[in-house]
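Q: In my numbering, the protein residues as written are 2 to 277.
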Amino acid sequence: MTDKHPFGTVGLPPLRELSLEKASEGLQSAHFTSLDLTKAYIARIHEVSELNAVLQINPDAVADAKKLDEERLQIGSRGPLHGISILVKDNIATKDEKLDVSAGSYALLGAKPTNESSVIAKLRVAGAVVLGKTNLSEWANFRDLDITDGWSPRGGQTLGIYYPNSSTSGSSSGSAVATALGLSVAAIGTESSRSITSPAEFSNVVGLKPTRGLIANDDTIPISVRQDIIGTITRNVKDTAYLLSTMAGRSEHDEMTWNIPRDQASDYTKFCKELI
């Protein structure tokens, strides 16, 4: 498949305003392709690289986007996340050969996890493109409390977006800043205590720490087995609902997901009302 979409490309809307729902509609309507979207986000990441929100771009993201475009044309869409670019906090394991999982530390650079996080595996099955890894407070802030939020040896200091050298809060600093700046459709973070919700507040985006057990938390670099949880950072509540609908559910790798009575994940988007 060539870079040019067979139906033409109408053009991408402004990335800072592009919601998951609108991106999905644009892909399905052939206004742009997943390849267009992925390349635009990579260019956008380079454009604002001085803010250190993204620690590493996935070298395979462009190839993955091409494959998903071909699949859409030949077979059809997997659903609303098909071809959608997602950034992942650098303490969550991914299977990508060229992506590290290091919690921002050089101590783990080059280490390869045995398994991929159940949540990331679910996002891939739904058709998401893992665009790269976001910077974070090193070890998800499990270190000296006097060290600045949003800093890691690998990623440097993530900076806030509203005035020069402002704080981002932490520890999912890069995920929040990346979402606010339009570096991906959404981002995945982790929280033990305010590590998603506080950075989201500082960057004026929507952060969700789900109930422990609603989402599997396997294959993340841990702080507290009973308190750690993977969550989402998005531009609006409905985008959060789309991600939660995919990410929630039982996993054989996390026994706490079996404590919640359910047969399958709910469609949380049905609880969202349109703004008048």
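All residues carry an ideal CB built from backbone N, CA and C; glycine is no exception. Keep in mind it's a predicted model, so treat the numbers as computed, not measured.
(1) Give the DSSP bridge partners of G27, in chain order.
(2) Leaving out five residues on either side along the sequence, give the residues of the same chain with a beta carbon under 8 Å from the beta carbon of Y107.
(3) Whole beta strand (DSSP E) runs in the stretch 212-248 with 3 or more residues, listed along the chain?
(4) If we count Cβ pairs, one from each stretch, closer than 8 Å, do we get three or more for the stretch 84-99 versus the stretch 118-131?
(5) Work out the CA separation of S138 and I148 for me, nearest whole Å.
(6) Output the boundary residues of the beta strand (DSSP E) element that contains T86.
(7) Following a CB-centred definition, is G232 positioned closer than 8 Å to any heavy atom of the ligand FMN?
(8) Using a 10 Å radius around the Cβ and a threshold of 16 neighbouring Cβ atoms, would you call I76 buried or exposed?
(9) Output needed for I261: all residues of its chain with C-beta closer than 7 Å, excluding positions within five of it in sequence on either side, in chain order.
(10) Return the residue from the list N136, A187, S168, N166 that minimises the CA-CA distance to G157.
(11) Output needed for R1: all residues of its chain with C-beta closer than 6 Å, excluding positions within five of it in sequence on either side, in chain order.
(12) Residues in the same chain with beta-carbon distance under 7 Å from D70, minus the five sequence neighbours each way, listed in chain order, please.
(13) Are the CB atoms of I121 and I93 nearer to each other than 9 Å?
(14) For the beta strand (DSSP E) containing K1, list its first residue and its last residue.
(15) Starting from I189 and walking both ways along the beta strand (DSSP E), at which residues does that stretch end?
(16) Taking C-alpha atoms, which residue in D255, D101, S119 lies nearest to A112?
(17) Please state the DSSP three-state secondary structure of T34.
(18) Mapping DSSP to helix, strand and coil, what is D65?
(19) Contact check, L56 vs D91 under 8 Å by CB: the rounded distance?
(20) Is T169 near P211, with beta carbons less than 9 Å apart?
(21) Is T3 helix, strand or coil by DSSP?
(22) Looking at E207: is its Cβ nearer than 9 Å to the Cβ of T235?
(23) Look at the alpha carbon of L110 and the alpha carbon of K274, and state the distance between them as a whole number of angstroms.
(24) Taking 7 Å as the limit between beta carbons, can you name the residues of its chain near E117, skipping five residues before and five after?
(25) How about S1 and I197: are their beta carbons less than 9 Å apart?
A: Taking the definition as stated:
(1) Answer is none; G27 lacks a bridge partner.
(2) If we look at Y107 and ignore the five residues flanking it on each side, its Cβ neighbours are P154, R155.
(3) 230-235, all fully within the stretch 212-248.
(4) Yes, they touch.
(5) I148 and S138 have their C-alpha atoms some 9 Å from each other.
(6) Rather than Thr, the amino acid found at residue 86 in this sequence is Ser. 86-90 is the extent of the beta strand (DSSP E) around S86.
(7) Although the ligand FMN was asked about, the structure shown includes no ligands whatsoever.
(8) The residue in question, I76, is exposed, as its Cβ has fewer than 16 Cβ neighbours within 10 Å.
(9) Close CB contacts of I261 within its chain, under the 7 Å cut and outside five residues either way in sequence, are with G214, L215 (chain order).
(10) Minimum Cα distance to G157 is reached at N136.
(11) Residue 1 cannot be examined here, being either before or after the span of the chain that is shown, 2 to 277.
(12) Correct list, in chain order: M2, T34, S35, L36, G84.
(13) For I121 and I93, yes; Cβs fall inside 9 Å.
(14) Nothing in the structure corresponds to residue 1, since the chain is present only between 2 and 277.
(15) Segment 187-192, the beta strand (DSSP E) holding I189.
(16) Per the C-alpha coordinates, the member of D255, D101, S119 positioned closest to A112 is D101.
(17) Coil, per DSSP.
(18) If DSSP states are grouped into helix, strand and coil, D65 belongs with the helices.
(19) The beta-carbon separation of L56 and D91, rounded to 5 Å, stays under the 8 Å limit for a contact.
(20) Not closer than 9 Å, so no.
(21) Because T3 carries a pLDDT of 36, less than 50, the predicted location of this residue cannot be relied on, and the following value inherits that uncertainty. Residue state, collapsed to three classes: coil.
(22) Inspection of the sequence shows that residue 207 is occupied by Val rather than by Glu. Yes.
(23) C-alpha separation (whole angstroms): 44 Å.
(24) Same-chain partners within the cutoff: A94, T95, K96, D220.
(25) No answer is possible for residue 1: the residues shown for the chain start at 2 and end at 277.
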